[in-house]
Amino acid sequence: MVLCMWLVFISGLSFYATQDQLKKLFAPFGLVTSVNLVVDPRTKRPKGFAFVSYKSQIEAEKAMKAMNGRIVDGRLIFVEPANEK
DNA sequence: GCTGAGCGG
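Here is the structure:
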């Protein structure tokens, strides 16, 4: 995956979490190039998971170690490497 | 205001 940024998959999120909130949560660990909260296009409701991409792998790893298994917005979240399709 | 494993567009 040399052409894509380092994608991180975040699950277990509260349905009320926002992209801006995620950005603030993951910004301290590195340079966040994009934050994407996945929403169901039909129901317009959040699916409860998101993608965050960093500029380097080290930053992504720091974020994962720091945020995985942490309580965010009252929910336990899981942060792991994403499966780029 | 409601749900709860997963890998979007």
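Just so you know, the first sequence maps onto residues -19 to -1, 1 to 66 in mature numbering (1 follows the signal peptide of the UniProt record, and there is no 0). Glycine is no exception: its CB is placed at the ideal position from the N, C-alpha and C atoms.
Inset, instruction - State the beta-bridge partners of R23 as determined by DSSP. - result: Checking the DSSP bridge columns, you'll see R23 has no partner listed.
Inset, instruction - Could you spell out where the alpha helix (DSSP H) holding L6 opens and where it closes? - result: Note, L6: alpha helix (DSSP H), Q(-1) to F7.
Legend entry - Three-state secondary structure assigned by DSSP to F32: strand
Inset, instruction - For the beta strand (DSSP E) containing E40, list its first residue and its last residue. - result: Per DSSP, E40 belongs to no beta strand (DSSP E); it is in the alpha helix (DSSP H), Q38 to M48.
Legend entry - Cα-Cα separation between F7 and M48, rounded to whole angstroms: 8 Å
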